[in-house]
Amino acid sequence: MPGPAARILAMGGPSGREPTARGLARRDCLCCGLAGLAAAAWPGRAGAAEPAAAPSPALVADLVAANHILFDQAVVDGFGHVSVRHDKQPDRFLLSRSMAPALVQAPDIMEFELDGAPVAAAGRTPYLERFIHGAIYRARPDVMAVVHSHSPGIIPFGVAGGAALRPVFHLAGFLGPETPVFEIRDVAGPATDLLVRSDALGDALARTLGSHAVVLMRGHGSTTVGTDVRQAVFRAVYAEINARLQSDAGRLGPVTFLNTEEAAAAAQTGNGLVGRAWELWRMRSP
Ligand code: MN
22 MPGPAARILA
32 MGGPSGREPT
42 ARGLARRDCL
52 CCGLAGLAAA
62 AWPGRAGAAE
72 PAAAPSPALV
82 ADLVAANHIL
92 FDQAVVDGFG
102 HVSVRHDKQP
112 DRFLLSRSMA
122 PALVQAPDIM
132 EFELDGAPVA
142 AAGRTPYLER
152 FIHGAIYRAR
162 PDVMAVVHSH
172 SPGIIPFGVA
182 GGAALRPVFH
192 LAGFLGPETP
202 VFEIRDVAGP
212 ATDLLVRSDA
222 LGDALARTLG
232 SHAVVLMRGH
242 GSTTVGTDVR
252 QAVFRAVYAE
262 INARLQSDAG
272 RLGPVTFLNT
282 EEAAAAAQTG
292 NGLVGRAWEL
302 WRMRSP
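Residue numbers (this note's numbering): 22 to 307.
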């Protein structure tokens, strides 16, 4: 079985220099600086004890694809991001460096602690709002992927008084009977730039998300979670489509929404159909 460095190179990942830095950082995290130094002095012994900690290449490939699909499906543009929980170390997550999602490739994927600290930045700049992801992974052990976007159809539902994003069709049943709205003023006062740029703000957002699939962010966008990256992408796409349909329907007359039971049943059916949509979207954005 190839070692972590070989696996990273095999998936077209970071330069050969980086796995060493990652390995040292990992030992530093598990033990202490002195232990890291000792490990560096006896690399053979440390290598034998080191867990298989590199993320699965298939997971990284899905994360790269998710970045491209979310752009192709008009959920993200130059902004927005998608992460996955590390499949070997659940207290870490994977997220691109700060860049337009459509341009993300495997070497751009960075590893983070759940407090948003990069494990081995290697000169790469992280997203300002990476705290959204880590805080939700901390609060929600069931969540394996997170999408944050400013998709335009959803924005009105976070700012219009009395509006609530609710499922108008079956593919958005995962929204459930209500979608919470995060008001950043409640936790950070009246003069922020609206960005979730600290761990404390991430925690506040995660509290508002609660057990829901989607949380709206007033004057900013939304964040969507899933039990894997494909489901999170599915939900982000259909939350945006539902928002547009709901706005359209509301202009025509009183809207009949899915009731709680219908939403739950439709969500369950939708979970079994994620792969069909993913295959199509994947083909459109190789
Ligand atoms: Mn944002």
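For each residue, glycine too, the CB sits at the ideal point set by N, CA and C.
Cβ of residue i within 6 Å of any heavy atom in the ligand MN?
i	result
Gly242	yes
Glu150	yes
Checking 7 Å against the spacing of the C-beta atoms, do residue i and residue j come in under that value?
i	j	result
Glu199	Arg239	no
Gly194	Ala284	yes
Arg303	Ala86	yes
Arg118	Arg145	yes
Asp83	Met165	no
Gly179	Leu237	yes
Leu301	Pro188	no
Gly155	Asp129	no
Ala257	Val96	yes
His89	Ala123	yes
Ala227	Ile157	yes
Ala310	Val81	With the chain running from 22 to 307 in the structure shown, residue 310 is simply not present.
Ala281	Ala260	One point to set straight first is that residue 281 is Thr, not Ala, in the sequence displayed. Not closer than 7 Å, so no.
Pick out whichever of the options has its Cα sitting closest to the Cα of residue i.
i	options	result
Val140	Glu132, Thr146 and Leu124	Glu132
Arg159	Ala209, Ala270, Gly231 and Asn280	Gly231
Asp98	Ala75, Val125 and Asn292	Val125
Leu192	Leu91, Ala74 and Asn292	Asn292
Ile207	Phe190, Thr229, Gly197 and Leu196	Note that residue 207 is Asp in the sequence shown, not Ile. Nearest of Phe190, Thr229, Gly197 and Leu196 to Asp207, Cα basis: Thr229.
Ala121	Tyr148, Ala138, Glu134 and Ala143	Tyr148
Glu134	Leu196, Leu116, Leu91 and Val246	Leu116
Ser243	Gly101, Phe92 and Ala74	Gly101
Asn210	Ala225, Gly197, Pro201 and Leu196	First, the residue type needs correcting, since residue 210 is Gly and not Asn in the sequence shown. Minimum Cα distance to Gly210 is reached at Ala225.
Val276	Ala212, Phe190 and Gly296	Phe190
Ala287	Phe92, Ile153 and Gly197	Gly197
Pro307	Ser77, Phe92 and Thr290	Phe92
Gln94	Gly247, Gly271, Gly274 and Ile262	Ile262
Arg161	Pro76, Val202 and Gly247	Gly247
His241	Arg272, Gly271 and Val202	Val202
Below 6 Å, is the gap between the Cβ of residue i and the nearest heavy atom of the ligand FMN?
i	result
Glu150	Judged by which ligands are present, the ligand FMN is missing from the structure shown, whose ligands are the ligand MN.
At what residues does the beta strand (DSSP E) containing residue i begin and finish?
i	result
Met120	Unbroken run through Met120: none, as it is neither H nor E.
His191	Careful: His191 lies outside any beta strand (DSSP E) and carries neither H nor E.
Leu237	Val235 to Met238
Thr229	Unbroken run through Thr229 is the alpha helix (DSSP H), Asp220 to Leu230; no beta strand (DSSP E).
Val96	Looking at the DSSP string, Val96 is not in any beta strand (DSSP E), and its letter there is neither H nor E.
Gly242	Gly242 to Gly247
For the alpha helix (DSSP H) containing residue i, name the first residue and the last one.
i	result
Ala127	Here Ala127 belongs to no alpha helix (DSSP H), and DSSP marks it neither H nor E.
His102	No alpha helix (DSSP H) holds His102; the beta strand (DSSP E) holding it covers His102 to Arg106.
Gly155	Phe152 to Ala160
Ser172	Neither: Ser172 is in no alpha helix (DSSP H) and is coded neither H nor E.
Ala18	Coverage of the chain is limited to positions 22 through 307, which leaves residue 18 absent and any answer about it impossible.
Gln267	Val250 to Leu273
Met304	Val295 to Arg305
Ala141	Run containing Ala141: none; DSSP gives neither H nor E here.
Ala75	No alpha helix (DSSP H) holds Ala75; DSSP gives it neither H nor E.
Ala185	Element bounds for Ala185: n/a, residue is neither H nor E.
Q) Below 8 Å, can you find three or more Cβ-Cβ pairs linking the segment 99-112 to the segment 179-189? A) no
Q. Should the segment 258-268 be regarded as contacting the segment 170-180, the criterion being three or more beta carbon pairs within less than 8 Å?
A. yes
Q | Cβ contact (3+ pairs, closer than 8 Å) linking the segment 159-170 and the segment 211-227 | A | yes
Q: Flag this pair as touching only if the segment 250-261 and the segment 90-106 have three or more C-beta atom pairs under 8 Å; answer yes or no.
A: yes
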